[in-house]
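> Sequence lines, in order, name chains W and R. Under the working numbering, the first residue of the first sequence carries the number 1, and numbering increases by one thereafter. Under the working numbering, the first residue of the second sequence carries the number 1, and numbering increases by one thereafter. No residue lacks a Cβ here, since even glycine has one placed at the ideal position from N, Cα and C.
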Amino acid sequence: MKFIHLADLHLGKMLHQFNLIDLQKELLDQVVAYIQNHDIQAVVIAGDIYDRSVPSQEAVNILNDFLNQLINEAHVKVLMISGNHDSNDRLNFASAILESQGLYIETRLKPEMSYVEIADVRFYMLPFFKPLHLKHLVKDINFTTYNEAMAYYLSYQNLDPRYRNILITHQFVGHHSQVSDSEMTLSVGGTDVIDPRLFARFDYVALGHLHAPQSVQRKTIRYAGSLMRYSFSEVHQDKSFTVVDTDDMSLVTIPLIPSLQVTMYRGSYEDFIEHRIVTKNDDLLAIELTDNHLIPHAIDQLRQRYPNVLQLTYPQLLLDKNLHLDHYHEVKNMSYYELFEHFYEDMTDQKLDEASRTIVHELLDEAGGSNEAS
Amino acid sequence: MKPVKLTMQAFSTYLDKTVIDFTALNEKGIYLISGDTGAGKTTIFDAICYALYGETSGSNRSTDVFRSSYASLDEATIVELDFMVHEIHYIVHREFSFRRSGTRRPDQDTFYYEGHLVEGKKNVNAAIRKILGVDSRQFKQIVMIAQGEFTKMLNVSSEERVRIFRNLFHTQDLQVFEDQLKKATKGYEDRYKTSMTRLNTLLAGLDMDIDTNYSEDTIATIRSQLAIKKQQVEIEEVERIARAREDDARIKHIYELRELNTAIDQYHQYIEQAKKLNEEKLHYQELEASIKRLECARELQHTEKEIITMEEDARSTRESLEEIAKEMQLNLEESAELEGKEGDLERLTFELEALRQTIAQQQEELTHQDVYFANKKRLKRIKRHLDRRYERLEIAEQSHKKLSSHVERDQQSVDRLPELRVQKHDMEVQMKAIVDRRVKLHELSDAWDSYNREIERHYELTNDYDQAKAEYQNAFSRYKGEYDLYMSQQAGILASRLQKNAPCPVCGSIHHPHLAVLTHDVMSAHDIDSLEQEAESLKTRMDEAYDALVQQTALKRELKIRITNMKRELGIIEELSKRVFIILLSDTIQQHTNDAKVYEQISDEIHYLEKLQNSLRVNKIDCQKMEENITTTRNEIITLETERATLIASNQMILDHTPEIETISQESINAKRKEADDLNREIETIRGARQELDRKHLVLTTLQQQKTEHLFDVEQSLVGKRDQFNERVIKDFESMENYDSTKRMIKLLDDKQRVLREYQQEVHTVNQLLTTLKPKVEGKEKQDLTKIQQDYDAFKADKKKKDDYASALRYGYNQAKRIVQQIEQLAKDNDKLIADYNLYFHLNQIVSGRNVHKLSFERYVLASFFEHILDYANVELQSLSQGRFQFLRRTQTKGNAGQGLDLNIIDFETGDSRDVRSLSGGESFKASLALALGLSEMIQNFAGGIELNAFFIDEGFGSLDGESLDQAIEVLMDLRRNDRVISIISHVSELKDRIESGIVVTRGAVGSEVQIIV
């Protein structure tokens, strides 16, 4: 059978205060269109359905429509797990009731993983969890890393090798994965990496969390990637969703192209004003101006030509850092004597002469000696 | 500063004692304090603030407000905070309560750390302030972003920032430096002014025609003027010298003239004098003669005196001679008297000798007395010793005898021991035999019982077998019968089954002529088989019974044999029966009992004897000791007896020698001694007297002789002298009367001599002077000096005037010279002063901010710090604002030198920088958060010792939209490095999802409660 692997929808996300909901709707419609033209049995959404734990009204509506289309019109089963952005409890609403209709939602960590059996495939649903969530189930053990927790949890799960065993989960797996800005850190200190070898028993692992479509360690451990580019660090990623054929475990990626793309351009202000760089004017743009000085009202001018400029930065200036007198040196490491030399030079453009230096040193010593600083 | 544990009681909404342990929360690095509005979230901050500073967090809440309105009057409000700075624990405890009347009791604030205890609100505050390094305002501004006040840091004035930073980065020194510089500059200015004034004054003091304002050429001018003066002075000097010379010459001339006049006068004078003297010459010659005579008289007077003396001498000598004679007479009388006494002398001497002898003898006897008494004492002691010993001896001998007999007796008993041992051993053997026998008897009995049993069983088994056999035979015959029947009937059955012309299964023939006929009821094959089986089983049983029987027979036989053997062993002849066993056993038992008794007896005795053996040994030793003891005592007695005898003998000897030995004593001897001494003295006295008399006699005799001779001599000389005297009187004075009268005038002699001498001298002197003066004066005459004197006086007056003038001129010149020198020196100093003053002035201008950038030095330094802070802050702000905003320190220099720390925001989108106050609410929050973080970061890294690694944010997140909230949380999460702890109060639900650990504050029925979730 074939199923679609989606993840990280982040419905309702705002990008620099620009509401992406319409684009998201577009893309979901693309998915539905694909299903209508191909033989798909199931859609797997591996977490981060919503962008916030309390999603906006529009986001809820979109999801509602999407699911409606999938289940009632296309008659495919939908398997969803919660990610780290979702609120477990809210997403879980009416999940038991919905099961009968083919909408499987799993947001709770159970002692034994539940699975949905479709044809000869078993889809195991493992929502996002933190090590301390596992502690609530297993009282005595202290899990410090995600890896430990996952290893422990999986060791108790029994799989029937006669079925195709597919794991749906939302975690940070593998070491050299591509990470972008819009993925929130799961925890402090980066101990949230999970070793992909823990999933050796599964024929396919449908992952969510990282936004770049990629495989980890083997082709069949895969991040579907986010629905669209969700931050300007993702501008080089081409988004897609994955279609998996369980008969031979082959994969096909289908590109997702929104009408408005999130892109970044760099050039001088002139270049932009003269339309030399941007191909599509209404794209969601991040503009890096290479000019060495601030252009007044640059944003307004640029917005007249490119209505969806979301971010404006001056990388050159950030490098320089100093838009002012650059004689401020490492203050904390300098003695007052040195500071005074610099001060004098800055104020008079001359070096401090010897006689004056003597006077200054003497007075500084006096001041320092007589005043016992705390 | 990291809070570790907070305790609150009766504090605002926390009525009951509430303890919040931050340890676990601190480990998480970031935690959330959540709860409904008014539950008491901010109160936790208030408590911390109050504990540290005695004040509140926000500016609009005063301390008394803290008193919980639920608390009763005498319940104390307590806040106690345990916090850590630089790894050291500090505990501050603040407590206040009210007396019944409603007035406040004195605060009981204490502060404890590392063994130090500080008491009293003031001291505690000071101590904490010192440790934290910031006062409450600064603390709030840096560490807490309180509700509604987060923009304060952002919007505060430059001045205020200066104050804060000054405190934080300890640039007070620079302020001092600035002040010092200012003071120094002013000092130089004053000195310069003073110097100038002095110069001008000096110039004025110069008596010269110059401008009294000092300027560059002044020096040259005065120098030239001075030179002129000098010249004048020199000219005058020359003239003065000339005048002086003339003066000298004149004086000399006058003097000479005067001298001459005087000499002439003198000469005439002396001539006169000489004449006079000459006239007196005769008089003086007479005088001389008289003097001579008087001198003679004096001489004779001496002689007269001598004569008188000699006469006196003679007279006295005669007198003494008379006395001597008298004395001699006396002597003789005494001598005669003494002879009487001398007669006794011999007798007395004899007496003395005898007495002496007696004394010596008695003295010797005295020593014997000592010995005698000593011996007596010793004898007494010996007797005592002896008595004791005799006693002892008797006792010892008695006990020895007793003990010896004891020992002997015991020894006899003990000798029996080996024999008894042998007996014991025999008895043992015997007893063992009895026991064996008994055992064997039991065995036999058992065997016999078994045997009997077996016999019985034999019957049973035989019966069994017979029965089994019978049964089997029955069954078998039955079976056989049925079988035969069956067989026989087979034919019938077969026959019944046979069909005509069908082959017979048996023979195969087709014809069946004689068909057997079923006669009886036949059993089925099956039943017959069962019968057979039954018979078989019965057979088996029979066989078994038979086997058993056989077996048992064998067993029986075995037993019998055994029994027979045993009987033989035990020596039993009678037929065995129960009764026999009983008799045998009882015999055995009886014997055993007897034997045991005997055995025991023997054992006991042996035991007893062994003990006795031990004591015997001991006793023997004692016995021996006693014997030794006795011998010793005996020996002692002997020794003592010997000594006693010796002493008695010795004393007897002494007594024989000196019967009165007991009576002599030292006193009597001493009395005798005294007597002897008296006697001796008497003898000596007599002898002495004799000697004395003899000596005296001799002396007197000698003296007499001497005196007689002397008298003779004197009388002889006297005669001569008299004659001599008389001769001279006649010679020099012709008669005694002349002499006598002349004698009376001797006392005038000295005066006369003197007068004569004077006269002679005077004459001499005058003659000499005349001789000297004569050549000088010869041919010269006196002169009139009046005119010359007058001329000279005039000249002198004139000279004086001129000299004065010259002197004044010189004086003036010297003055001027001195002043000029002073001026020159001052001028030099002044130049240096000007140079220094310029230097200071220049520096002061720059340092105090009167420079191109209008920045004082301190502000410059602070601005640098501020730059650093902004660097850090900008890093955070970049994340928070997604690259849109940056902080910028305003450097426009308008107005006075109060700039340097003003803050602007660069908006990249609009490309301009504007005041920080123009940001929106949410943006302001982000900016102030960034700034606070930047400041905190700076403080942490600055080696100032202030450790402020706890961070409190009270609300403010509500003003952020979804994206901003994400950014803010990312930033805060990121801050947990460097040991920072961030506490957030917020009711924003997203935060609850993101931050798991924290404190949940709920409002209970009476007061707030906290619950810590980790």
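Return the residue from the list Tyr-90/R, Lys-230/R, Lys-721/R and Tyr-188/R that minimises the CA-CA distance to Tyr-806/R.
Note that residue 806/R is Ala in the sequence shown here, rather than Tyr. Among Tyr-90/R, Lys-230/R, Lys-721/R and Tyr-188/R, the Cα nearest to that of Ala-806/R is on Lys-230/R.
> Give me the chain R residues within the contact set of Gly-368/W, using Cβ-Cβ distance strictly less than 9 Å, ordered along the chain.
Asp-173, Val-176 and Phe-177
> Looking only at DSSP bridge pairs, what is Gln-231/R linked to?
None; Gln-231/R has no bridge partner.
> Determine the direct distance from the alpha carbon of Lys-776/R to that of Asp-784/R, and round the result to whole angstroms.
18 Å
> Residues of chain W with CB under 7 Å from Ser-920/R, in chain order?
Ordered by position in chain W, no residue passes the 7 Å Cβ test against Ser-920/R, which lies about 13 Å from the chain.
> Could you name the residues of the same chain whose beta carbon sits closer than 7 Å to that of Thr-588/R, not counting the 5 residues immediately before and after it, in chain order?
Ile-434, Arg-437, Arg-438 and Leu-441
> Would you check if the region 60-78 of chain W and the region 154-170 of chain W touch, i.e. whether three or more CB-CB distances between them fall below 8 Å?
no
> Can you list the residues of chain R that Ile-295/W reaches, using a CB-CB cut of under 8 Å?
Gly-911
> Which residues of chain W have a Cβ atom closer than 9 Å to the Cβ of Gly-958/R, listed in chain order?
Correct list: empty, because the minimum Cβ distance to chain W is about 14 Å.
> Taking a Cβ distance cut-off of 8 Å, strictly less, list which residues of the region 331-358 of chain W are near chain R, in chain order.
Within the region 331-358 of chain W, the residues whose Cβ lies closer than 8 Å to some Cβ of chain R are Val-331, Lys-332, Tyr-336, Leu-339, Phe-340, Phe-343, Tyr-344, Asp-346, Met-347, Thr-348, Ala-355 and Ser-356, listed in chain order.
> Here's a check: name, in chain order, each residue in its chain whose Cβ is nearer than 8 Å to the Cβ of Arg-197/W, leaving out the five neighbours to either side.
Taken in chain order, the residues that qualify are Gln-217.
> Since Glu-781/R sits in a beta bridge, which residues does DSSP pair it with?
According to DSSP, which records beta bridges pairwise, Glu-781/R is partnered with nothing at all.
> Taking C-beta pairs closer than 8 Å, name the residues in chain W that Glu-947/R reaches, listed in chain order.
Going along chain W, no residue has its Cβ under 8 Å from Glu-947/R, so there is no contact; the nearest lies around 14 Å.
> For Val-79/R, which of helix, strand or coil comes out of DSSP?
strand
> From the DSSP output, read off the bridge partner residues of Ser-240/W.
Its beta-bridge partners are Pro-255/W.
> Quick check on the DSSP output: what are the complete alpha helix (DSSP H) runs of length 4 or more inside the region 913-947 of chain R, in order along the chain?
921-941
> Would DSSP call Gly-267/W helix, strand or coil?
strand
> On the DSSP bridge assignment, give the partners of Val-116/W in chain order.
Phe-123/W
> What residue from Gly-921/R, Thr-910/R and Asp-979/R has the CA that sits closest to His-297/W's CA?
Thr-910/R
> Go ahead and label Ala-367/W buried or exposed: buried means 16 or more other beta carbons lie within 10 angstroms of its beta carbon, across all protein chains shown.
buried
> Express the C-alpha separation of Ala-447/R and Lys-556/R in angstroms, rounding to a whole number.
10 Å
> Please identify the residue among His-16/W, Gly-12/W and Leu-11/W whose C-alpha is closest to the C-alpha of Ser-231/W.
His-16/W
> Is the separation between the beta-carbon of Ser-997/R and that of Tyr-31/R shorter than 8 Å?
The Cβ-Cβ distance between Ser-997/R and Tyr-31/R falls below 8 Å.
> Listed from N- to C-terminal order along the chain, which residues in the region 856-868 of chain R have their beta-carbon within a distance smaller than 7 Å of any beta-carbon of chain W?
Phe-857, Tyr-860, Val-861, Ser-864, Phe-865, Glu-867 and His-868
> So which residues of chain R does Thr-144/W contact, with C-beta pairs closer than 8 Å?
The contacting residues do not exist; Thr-144/W stays about 12 Å from chain R at best.
> So if DSSP puts Lys-95/R in a beta bridge, which residue, or which two residues, is it bridged to?
Checking the sequence shown, residue 95/R turns out to be Glu, not Lys. Beta-bridge partners assigned by DSSP to Glu-95/R: Ile-78/R.
> His-361/W versus chain R: which residues are under 9 Å apart at the beta carbon?
Under the 9 Å cutoff, chain R gives no residues; its nearest Cβ is about 11 Å from His-361/W.
> Under 9 Å Cβ-Cβ, which residues of chain R neighbour Ala-298/W?
Phe-908, Glu-909, Thr-910 and Gly-911
> Taking 7 Å as the limit between beta carbons, can you name the residues of its chain near Asn-375/R, skipping five residues before and five after?
Leu-647, Ser-650 and Asn-651
> Report the start-end ranges of each alpha helix (DSSP H) in the region 234-321 of chain R that is 4 residues or longer and not cut off at the edges.
The qualifying runs do not exist here; there are none.
> Counting pairs of beta carbons, one from the region 237-246 of chain R and one from the region 758-777 of chain R, are three or more of them closer than 8 Å?
no
> Quick one: list the residues of chain W neighbouring Val-852/R, beta-carbon separation under 7 Å, in chain order.
What Val-852/R touches in chain W: Met-347.
> Taking CB distances under 8 Å as the criterion, tell me whether Asp-993/R reaches chain W.
Judged by the 8 Å Cβ criterion, Asp-993/R is in contact with chain W.
> My understanding is that Leu-352/R touches Ile-683/R, with C-beta atoms under 8 Å, so please give their C-beta distance in whole angstroms.
The Cβ separation is near 7 Å, so the contact holds.
> Counting only beta-carbon atoms, is Ala-806/R nearer than 8 Å to chain W?
Taking Cβ atoms only, chain W never reaches closer than 8 Å to Ala-806/R, which makes this a no.
> Using CA atoms only, rank isn't needed, just tell me which of Ile-1013/R, Ser-879/R and Asp-803/R is closest to Glu-239/R.
Asp-803/R
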